[in-house]
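Notes follow once the structure below has been shown.
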Ligand code: IVH
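Numbering (this note's numbering), first residue to last: 16 to 786.
Dropping the structure here:
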């Protein structure tokens, strides 16, 4: 995505961006856990890298739910965990010939080889799939696992066994008693296309690309589903081995082949750096015809004793690198620009393109982000544009092919009015988005807000999808959330529905049941559903936990709204950068009405009025006051016009911060919002309090690991209970673990507990501890 470079972000933008990234990655994690990933690993990594870059620049903004505080892909509850005896590492990337030369030089330096001494490599296509670790004992496949976070993955033995490229028994001779074979599971392009075509025809789920398809297929709970998926496997590495079995990478690949594995036929041994570049160019040329996706070439030092000596730097080997292909590009014609209006009124330009295939995916739309982006790239209707799919789901427009610009193409004029309601659309402060000011009267915003209200993480009303919602809105039945609940008891409208084609008695009954079921709602869902700007589901959870019940949250919102800072105060604090400390000195100052030192210059008057404030603060204030009366007015603003305590309280909640706090205050400041909220609350039966993490429980602050099959409660229950008592539940045992609760069949974690001297409890002992 053509995002603002990290170094250009302002603080509020960075905060917004971190919130957006946290949500995007939480969503990706959830989809991944449901075996339905919608973005590729590379795309996920790009989000993660951006998040980290912003956090590095603004360390104070690291959110409690920051993805960088989590490790790797989550191990889901459906498959059991497999700890990798030898970690599954990732590869450093090279993007050009210079990076490759540096890589080779680094190796030569490390091994103290004379520059003239060539290092031989094996160059292998970098398959765009998912890596797997397959364990063979005495030649028999005993376990297969995903990479996971590199240290532990998921046990997907049954699924891997369905892939015909993976032998259940090693053939040939010479394999070590114990060997873990590693390689890439992937979906061939034609098989993937055939699957999607059939799925599309059957109206079932399709996948965006072969990699997602492979990922989704591998994480099926039912292995017969995986068996029906056309997956393939290339072996290229190994993990634990009981004895060495080769002296070179090339020798190892040959051994793997002789034991029955497919090894990529384009893997070759190369004598020097020039050879690497030849292979790279050759594969880049042939890439489209290989029959499977590759995203680069991996270069590995051939001699295994050298690999051993070179070792690792943090999470990647020094002896290998991935030379990535540039992002896939295509050119097409920009046929139109649509303006979409979001829930908070932001206008987003969307490029409508003549359909074109980029990296195996047909692209018809691309985001243009905002008006500054359009202006910066000078994109005009009718232009031929270069499109690219890189580290993001949504394709981006890279540039315009000026030679192909139609002679009559005029610069694009971004609308200054909302295309839906016609209200003026304005930009405020440093917001890159232009927003519709129509608020209530804007149908687009209204529909987006209603869609948000019924969305999965909000009210999630069964039987009321987007389609029905829009249909009911079009009939004038649903204009605000409360109308949804009113509909469920509006016999007249329901009868009308019953009488209609396609809406039988059963659907009506289901609709009513779905709506009524949600008259009981968890506090965090309710807060999220309100659709307050900057309040995502994670922030909603933090707010719910902090306030505990609706009444407290509601009161805080109203109080914060009535205590919003005046525009003058905001300008002082934010526009002129006057620090909180200076503001508090100013607020505390007691100034006589008469100027005590009329002849003094303003700087000295300020020093007199506000003793103890530093010279830069005085310089910031000097242009704002021309005389003593002005200084008194500044002091008054500092004293009286600041935000209410409640706004400060909300902003002070860990992970919430001032931007979100301000958004809550702004929301409750609007009379209409207050009315919509009150009407909704009147329709609800029960708002379920959030559990405040207990601090006085015997396990508060302790780290607990549950292992083995629990008999007194399910894993989820155990976890939820422990967390509500303030404990942290972890998936693995370390020195920092306080308790391991072990049910029957506990295995390696029990051993880990003994190793680290961690207390082991039975389920009953745990219950006794917490009750
Ligand atoms: S070797 C210690 N070889 O790329 C080195 N990886 O970024 C381990 N991959 O997780 C990896 N083709 O999923 C290696 N020929 C190849 C590969 C390959 C694809 C993937 C693999 C790995 C990722 C590393």
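Cβ coordinates follow ideal geometry from the N, Cα and C atoms, glycine included.
These numbers were taken from a predicted model, which means no experiment stands behind them.
request  = Take every Cβ of the region 270–284, pair it with every Cβ of the region 223–234, and state whether three or more of those distances are shorter than 8 Å.
outcome  = no
request  = Report all residues from its chain with a CB closer than 6 Å to the CB of residue 788; omit the five preceding and five following residues, and keep chain order.
outcome  = Since the first residue of the chain shown is 16 and the last is 786, residue 788 is not available in this structure.
inquiry  = Pull the bridge partners of residue 315 from the DSSP assignment, please.
reply    = In the chain shown, counting from the first residue as 1, residue 315 sits at position 300. Bridge partners of residue 315: 137 and 335.
key: residue 754 in three-state terms, based on DSSP   = The count along the chain shown starts at 1 and reaches residue 754 at position 739. Residue 754 falls in the strand class under three-state DSSP.
inquiry  = Report the start-end ranges of each alpha helix (DSSP H) in the region 464–504 that is 4 residues or longer and not cut off at the edges.
reply    = 481–489 and 496–502
task = Please find out if some non-hydrogen atom of ligand 1 comes closer than 7 Å to the beta-carbon of residue 313.
result = Within the chain shown, the letter at position 298 stands for residue 313. Yes, the beta carbon of residue 313 sits closer than 7 Å to at least one heavy atom of ligand 1.
Residue burial classification, residue 103 (beta-carbon count within 10 angstroms, cutoff 16) = The residue you call residue 103 lines up with position 88 of the chain shown. Looking at its Cβ environment, which holds 16 or more other Cβ atoms inside 10 Å, residue 103 is buried.
ask   = With distances taken from each beta carbon to the nearest heavy atom of ligand 1, which residues come in below 6 Å, in chain order?
value = 104, 105, 106, 139, 141, 142, 146, 162, 199, 251, 252, 313, 332, 335 and 337
message = So, at 6 Å on beta carbons, what are the nonlocal neighbours of residue 597 in its own chain, with the 5 sequence-adjacent residues on each side left out?
response = Position 582 of the chain shown, counting from 1, holds the residue named residue 597. These residues qualify, in order along the chain: 628 and 632.
Cβ neighbours of residue 697 in the same chain (closer than 8 Å, five flanking residues each side left out) = Translated into the one-based positions of the chain shown, residue 697 becomes position 682. Cβ within range, chain order: 497.
request  = Return the CA-CA distance between residue 28 and residue 446, expressed in angstroms with no decimal places.
outcome  = On the chain shown, residue 28 is found 13 positions in, with the first residue counted as 1. On the chain shown, residue 446 is found 431 positions in, with the first residue counted as 1. Their Cα atoms are separated by approximately 8 Å.
inquiry  = What does the alpha-carbon distance come out to for the pair residue 689 and residue 221?
reply    = As a first step, residue 689 must be located in the chain shown, where it is residue number 674. As a first step, residue 221 must be located in the chain shown, where it is residue number 206. About 42 Å.
request  = Can you give me the Cβ contacts of residue 357 inside the same chain, cut-off strictly under 7 Å, excluding the 5 residues immediately before and after it?
outcome  = Position 342 of the chain shown, counting from 1, holds the residue named residue 357. Cβ within range, chain order: 363 and 463.
key: Contact belief for residue 747 with residue 167 at Cβ below 8 Å, rounded distance in angstroms   = Within the chain shown, the letter at position 732 stands for residue 747. Within the chain shown, the letter at position 152 stands for residue 167. Confirmed, about 7 Å.
query = Within the chosen definition, does the region 196–212 reach the region 314–322 through at least 3 CB pairs nearer than 8 Å?
reply = no
Opening and closing residue of the alpha helix (DSSP H) in which residue 620 lies = Reading the chain shown from its first residue, position 605 is the one you call residue 620. Taken as a continuous stretch (DSSP letters only), the alpha helix (DSSP H) holding residue 620 covers 617–624.
request  = Return the Cβ separation of residue 539 and residue 514 in integer angstroms, given the expectation that the two are a contact with Cβ distance under 8 Å.
outcome  = Position 524 of the chain shown, counted from the first residue, corresponds to residue 539. Position 499 of the chain shown, counted from the first residue, corresponds to residue 514. Incorrect: roughly 39 Å between the Cβ atoms, too far for contact.
request  = Measure from the alpha carbon of residue 416 to the alpha carbon of each residue in 392, 430 and 429, then state which is nearest.
outcome  = Looking up residue 416 in the chain shown gives position 401. Out of 392, 430 and 429, 392 has the C-alpha closest to the C-alpha of residue 416.
Separation of residue 481 from residue 772, as counted between CA atoms = By one-based count along the chain shown, residue 772 stands at place 757. By one-based count along the chain shown, residue 481 stands at place 466. Rounded to whole angstroms, residue 772 to residue 481 spans 54 Å at the Cα level.
ask   = In the structure shown, what three-state DSSP assignment does residue 599 receive?
value = Position 584 of the chain shown, counted from the first residue, corresponds to residue 599. Residue state, collapsed to three classes: helix.
query = How close, in whole Å, do the beta carbons of residue 602 and residue 653 come, if the pair is a contact with beta carbons under 8 Å?
reply = The residue labelled residue 602 in the question sits at position 587 within the chain shown. The residue labelled residue 653 in the question sits at position 638 within the chain shown. Correct: roughly 4 Å between the Cβ atoms.
query = Are the Cβ atoms of residue 282 and residue 268 separated by less than 8 Å?
reply = As a first step, residue 282 must be located in the chain shown, where it is residue number 267. As a first step, residue 268 must be located in the chain shown, where it is residue number 253. Contact: yes.
request  = On the DSSP bridge assignment, give the partners of residue 414 in chain order.
outcome  = The sequence position of residue 414 within the chain shown is 399, counting from 1. In DSSP, residue 414 forms a bridge with 401.
inquiry  = Mapping the DSSP letters down to three states, classify residue 29 as helix, strand or coil.
reply    = Locating residue 29 in the chain shown gives position 14, where the first residue counts as 1. Here residue 29 sits in helix by DSSP.
task = Spell out a yes or no on whether the region 603–620 and the region 644–653 are touching, meaning 3 or more CB-CB pairs, one atom from each, closer than 8 Å.
result = yes
Whole alpha helix (DSSP H) elements within the region 229–304, 4-residue minimum = 238–242, 264–273 and 288–301
key: Candidates 454, 70, 288 and 349: closest to residue 435 by CA position   = Along the chain shown, read from residue 1 onward, the residue named residue 435 stands at position 420. Per the Cα distances, 454.
query = If you check the beta carbons only, do residue 136 and residue 328 fall under 8 Å apart?
reply = On the chain shown, residue 136 is found 121 positions in, with the first residue counted as 1. On the chain shown, residue 328 is found 313 positions in, with the first residue counted as 1. For residue 136 and residue 328, no; Cβs fall outside 8 Å.
ask   = So what does DSSP say about residue 170, is it helix, strand or coil?
value = Here residue 170 refers to the residue found at position 155 when the chain shown is read from its first residue. Three-state result, residue 170: strand.
inquiry  = Can you list, in chain order, the residues of its chain with a C-beta nearer than 6 Å to that of residue 664? Leave out the 5 residues immediately preceding and following it.
reply    = Counting from one through the chain shown, the residue named residue 664 turns up at place 649. Result list for residue 664: empty, nothing under 6 Å.
inquiry  = As a quick exercise: from 395, 377, 335 and 583, pick the residue whose alpha carbon is nearest that of residue 353.
reply    = Position 338 of the chain shown holds residue 353. Nearest option by C-alpha distance: 395.
ask   = Beta-carbon separation of residue 424 and residue 106 under 8 Å?
value = Locating residue 424 in the chain shown gives position 409, counting from the first residue. Locating residue 106 in the chain shown gives position 91, counting from the first residue. Contact flag unset, no.
key: Residues near residue 478 by beta carbon distance below 6 Å, same chain, minus five either side   = To locate residue 478, count along the chain shown from 1; it is residue 463. Counting only Cβ-Cβ distances below 6 Å, and skipping sequence neighbours, we find 525, 526 and 529.
query = Any idea what DSSP makes of residue 535, helix, strand or coil?
reply = Position 520 of the chain shown, counted from the start, is the residue given in the question as residue 535. Strand at residue 535.
task = Measure the CB-CB distance between residue 472 and residue 552 and report whether it falls below 8 Å.
result = Numbered from its first residue, the chain shown carries residue 472 at position 457. Numbered from its first residue, the chain shown carries residue 552 at position 537. Contact: yes.
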